[in-house]
Amino acid sequence: MGNDINGCSKIGYLILDGTQPSNYIQRSEKPIFLDNDCVFATGYLKGSSPLLILEKSIKCQQYQDCDVAVKVASTLGQIEATRWMQEIEAIKRLGYNEYIVSMLGWCIYKNSYCLAFEMATSDLLTYVRSLSVKDKSEIDLKHFVAYLWQICNAMSFIAACRMVHRDLAARNILLFGENKAKISDFGLCCDFDRDTLTYQASLTKRLPLKWLSIEALLERRFSEKSDIWSFGVLMYEMFSLGKEPYVSLQNNEIISFLSQGNRMEHFDDVPEEINEIMSSCWERELGERPNFDNLIIRFRSILETSTETYGYIK
Ligand SMILES: Nc1ncnc2c1ncn2[C@@H]1O[C@H](COP(=O)(O)OP(=O)(O)O)[C@@H](O)[C@H]1O
Ligand SMILES: [Mg+2]
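Position one of the sequence shown corresponds to residue 1 (full-length UniProt numbering), numbered consecutively onward.
Next comes the structure, spelled out in structure tokens:
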């Protein structure tokens, strides 16, 4: 691709359903992320985002003349096209939330989907790994709890929209400056059934096995409670400063490991309530797991009562 995609106005600028193509995105060539499915490039949004038309809140005013991260599909067969449309539809249905990464527009350019997002400073996995060189006693766990509280707020909002994220993991939490975490990557996000509050997945999607709940692994059943399980794995990633979950197990060994009642180890150097919350997310019975509203209250109470020295225990 050239170093701008303003040509997309000529081929139909499909940003958020038919708003005027008054703005465009210039792209640099250097990717910020690259894998088999997509490339992330840096870009710049001239003028205002169509999001401003849909969401008039003061907080959205920042989304004009700003840097953007542009996610471009690498391959585009029929299956991929459907998947990208699902991602766009999921993000649009959710609309604006303070703790969810905003999509500022999208278009199809040269037969490829291009999605523009607000630009993050880092992702949570990279951030916690960068802390692993530090003396643990210097790490402020209150800061971690504040991120967890924000993530639970976004997840509670997603559940209230009757959707499941299905890919909640530290790599998919983006950070904006020091104090703000937002959920991203809605590639696997979907609606759940209104009666059973679950989603029965087909076998075709690539799923992040080590983050999946036992009922998702065994029966492909997804719900707020399977997102809660993944949230427990995300807590493990954070407090271990970025360890891979079940590091000694192969993907095909996980089901029997979990079915026998095994779970990942507790940490012996974090406040006990953290271990307790983490393992409550991995209860076999869905009813025994908390929901995101419960966790918002737990984390708020930790934030209110803990001192500045809330940290790893020697
Ligand atoms: N808005 C953004 N700003 C900066 N970096 C981003 C942004 N969105 C994603 N990234 C980087 O790209 C990576 C992959 O993005 P993601 O949307 O999760 O794609 P995939 O579907 O391939 O997992 C993220 O882990 C993050 O490092
Ligand atoms: Mg991802």
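Built from N, CA and C at the ideal position, the CB exists for glycine as well.
Only a predicted model underlies this, so the values are computations on that prediction, with no experimental measurement involved.
If you drop the 5 nearest sequence neighbours on each side, which residues of the same chain put their C-beta closer than 6 angstroms to that of residue i?
i    : result
G187 : E87
Y147 : A181
W211 : A169, S230 and V233
M1   : Any answer about M1 is weak, because its pLDDT of 33 lies below 50 and its placement is not dependable; what the coordinates show is given next. Excluding residues within five positions, none has a Cβ falling inside 6 angstroms.
Tell me the residue span of the alpha helix (DSSP H) that contains residue i.
i    : result
W149 : L141 to A160
M238 : E224 to F239
A216 : I214 to E219
I296 : F292 to T305
F257 : I254 to S259
L188 : Unbroken run through L188: none, as it is neither H nor E.
When you compare only the Cα positions, how much space is there between residue i and residue j?
i    : j    : result
S22  : G47  : Reliability fails at S22, whose pLDDT of 39 lies under 50, so the model's placement of it is uncertain and no value is given.
Y13  : C107 : A caution first: Y13 carries a pLDDT of 31, below 50, which makes its placement in the model too unreliable to give a value.
Y246 : H165 : 22 angstroms
Y63  : E285 : 43 angstroms
Q26  : G232 : Here the model assigns Q26 a pLDDT of 49, short of 50, so the residue's position is not dependable and the matter cannot be decided.
F257 : K225 : 20 angstroms
N262 : E118 : 40 angstroms
K71  : K314 : 42 angstroms
C189 : A90  : 7 angstroms
L217 : S230 : 12 angstroms
A159 : F192 : 9 angstroms
G287 : D37  : 36 angstroms
S280 : M103 : 33 angstroms
R129 : K243 : 8 angstroms
L163 : D65  : A small fix is needed here, since residue 163 is Met in this sequence, not Leu. Looking at the two C-alpha atoms, the distance is approximately 31 angstroms.
S49  : K56  : 11 angstroms
L125 : I79  : 29 angstroms
S213 : E253 : 14 angstroms
Taking C-beta to C-beta, are residue i and residue j nearer than 8 angstroms?
i    : j    : result
G95  : L54  : yes
S156 : I296 : yes
Y236 : M278 : yes
I228 : N291 : yes
G43  : A154 : no
K59  : E98  : yes
V145 : L303 : yes
L209 : N251 : yes
Below 7 angstroms CB to CB, which residues in the same chain sit around residue i once its five sequence neighbours on both sides are set aside?
i    : result
D185 : D167 and N172
L131 : I139 and L241
W84  : A73 and Y113
C161 : R93 and L94
W282 : W229, G232 and R263
Residues in the same chain with beta-carbon distance under 8 angstroms from residue i, minus the five sequence neighbours each way, listed in chain order, please.
i    : result
G7   : No answer about G7 holds up, because its pLDDT of 34 lies below 50 and its placement is not dependable.
A120 : A69, V101, L174, L175, F176, K182 and S184
F33  : V39 and F40
L76  : W84, N111, S112 and Y113
R300 : W149
Y312 : K136, S137, I139, L141, D269 and V270
F267 : F239, S240, I274 and N275
L52  : C60, Q61, Y63 and Q64
For the beta strand (DSSP E) that contains residue i, what are its first and last residues?
i    : result
D268 : D268 -> no beta strand (DSSP E), and no H or E assigned at all.
L168 : Per DSSP, L168 belongs to no beta strand (DSSP E) and is neither H nor E.
Given 7 angstroms as the limit, tell me if residue i has its C-beta closer than that to any heavy atom belonging to ligand 4.
i    : result
N252 : Absence of ligand 4 from the depicted structure is noted, with ligand 1 and ligand 2 being the only ligands included.
>> For a minimum of 4 consecutive residues, which ranges assigned as the alpha helix (DSSP H) are wholly contained in the region 44-113?
In response: Residue ranges of uninterrupted alpha helix (DSSP H) with 4 or more members, entirely inside the region 44-113 and ordered along the chain, are 51-54 and 78-94.
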